[in-house]
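The sequence shown runs 1 to 268 under full-length UniProt numbering.
The C-beta atom is built at its ideal place from N, Cα and C for all residues, glycine as well.
Okay, so here's the structure we're looking at.
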Amino acid sequence: MGKIWLVTGASRGLGREITRAALDAGETVVATARVPDAVREACGGDHDRLHVRALDITDAEAANAVVAETTGRFGAIDVLVNNAGYAELGFFETFTDAAVRRQFEVNLFGTMNVARAVAPHMRARRSGLIVTISSVSGLVSNGGGGVYAASKFAVEGWMEGFAQELAPLGVRSLLVEPGMLRTDFMDQQSARFGSIDIPDYAEAVAQYRAFVDGANGRQPGDPKLLAARIVALASQAEVPSRLVFGDDARQWAGAKLDQLRQEIARSA
């Protein structure tokens with residue numbers, strides 16, 4: 001038996017592709033989603049190396065239960081892929097407070113729930129890899145993406161520090177920062193828009209929504225390539241702390257670095 005993987009948000013998009021890539025590599029995957037039947041449909045149903053479980057990552061007790069069942073059955077979780085999440089897209093003032101809090105509840109606190117459940121088992125074994133699916137939006141924020149980016153900036157800050165706490169105990173970490181991937185991440189199942197109409201923003205919001213609609217399904221990044229890259233990295237002894245994936249992501253991140261260097265120089 002190869003490594004034991006636990007993947008959240010495995011029913012669609014990148015989570016589904018990571019699940020498939022790990023299975024193709026001979027690994028055993030516990031694939032979770034809020035709607036587990038969608039994982040079974042996407043990956044061919046439960047079998048010796050695929051075990052599908054229901055999990056809403058905002059439910060800490062449910063996360064603990066899935067982890068306890070997995071470690072009880074297989075003895076370990078070698079790789080955690082913290083992938084589940086969604087995007088609130090639109091201008092900040094068009095979101096209700098509840099919508100903003102829901103974005104953080106899923107993308108940050110839900111991700112923390114799963115990591116908190118898995119980390120003690122990895123620490124006890126002095127082994128394991130936590131793969132956290134962030135975004136280039138965790139490094140760069142733009143108008144229309146501020147709420148989503150804020151949740152990913154928070155994930156980046158938390159995981160960067162947590163990784164340093166885990167490293168002396170043999171637990172490795174990989175932050176994955178993709179650009180725009182050809183998944184259903186920007187469709188109505190995954191992305192949500194602000195519900196408050198503000199005339200000052202009306203034209204800009206309409207242009208932004210047209211951009212999102214036009215980009216959906218035409219994103220440049222291939223999720224299968226990223227999934228294969230993550231699975232390959234998981235088998236290596238040395239894992240980078242970050243993986244910035246896609247020409248667009250590297251361009252945006254590089255531009256942000258140049259801007260920061262200029263601002264640091266002007267701050268002297």
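- The region 57-70 and the region 116-130 touch, with no fewer than 3 CB-CB distances between them shorter than 8 Å.
- Take the alpha-carbon of Arg12 and the one of Ala268: they are about 47 Å apart.
- At least 7 Å separates the beta-carbon of Val100 from that of Ile18.
- In the three-state scheme derived from DSSP, where H, G and I count as helix and E and B as strand, Asn142 is classed as coil.
- For Ser267, no beta strand (DSSP E) run applies; the uninterrupted alpha helix (DSSP H) run containing it begins and ends at 247-267, by DSSP.
- Nearest to Leu6 by alpha-carbon distance, out of His47, Ala38, Val35, His51, is His51.
- Note on geometry: alpha-carbon atoms of Ala204 and Ile198 lie some 11 Å from one another.
- Looking at the backbone, the Cα of Arg34 and that of Pro178 are separated by about 23 Å.
- Inter-residue distance for Arg125 and Leu166 is about 12 Å (C-alpha atoms, whole angstroms).
- Put simply, the region 34-45 does not touch the region 143-162. Fewer than three CB pairs are less than 8 Å apart.
- Residue Ala227 holds the alpha-carbon nearest to the alpha-carbon of Asp24 among Leu257, Ala237, Ala227.
- With a minimum length of 3 residues, the unbroken runs of beta strand (DSSP E) contained wholly in the region 1-47 fall at 4-7, 28-33.
- At the C-beta level, Leu139 and Val239 stay beyond 7 Å of one another.
- Restricting attention to alpha helix (DSSP H) runs no shorter than 4 residues, the region 68-108 encloses them at 97-104, ordered along the chain.
- Residue range 111-125 is occupied by the alpha helix (DSSP H) that includes Arg123.
- Counted as a single uninterrupted DSSP element, the stretch harbouring Ile230 is not any beta strand (DSSP E) but the alpha helix (DSSP H) occupying residues 223-234.
- DSSP places Ala54 within a strand segment (E or B) once states are collapsed to three.
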